[in-house]
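Residue numbering for the sequence shown is 56 to 90, as defined by this note's numbering.
In what follows, a single structure is set out as structure tokens and then discussed.
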Amino acid sequence: MIPGKPAAPSAWAFTLNKVMKALAKAAPQMAAING
56 MIPGKPAAPS AWAFTLNKVM KALAKAAPQM AAING
């Protein structure tokens, strides 16, 4: 979050959802690489 620039709740939720989906997709790959 950027101080002084509150994001719209919908935009924040959308961004957070995208990030969580990206992490969920990347986690198995990272686990496989790390062995």
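Every residue, glycine too, gets a C-beta built ideally from N, C-alpha and C.
Helix, strand or coil for residue i? Go by DSSP, reduced to three states.
i, result
"Ala87", "helix"
"Ala68", "helix"
"Ala63", "coil"
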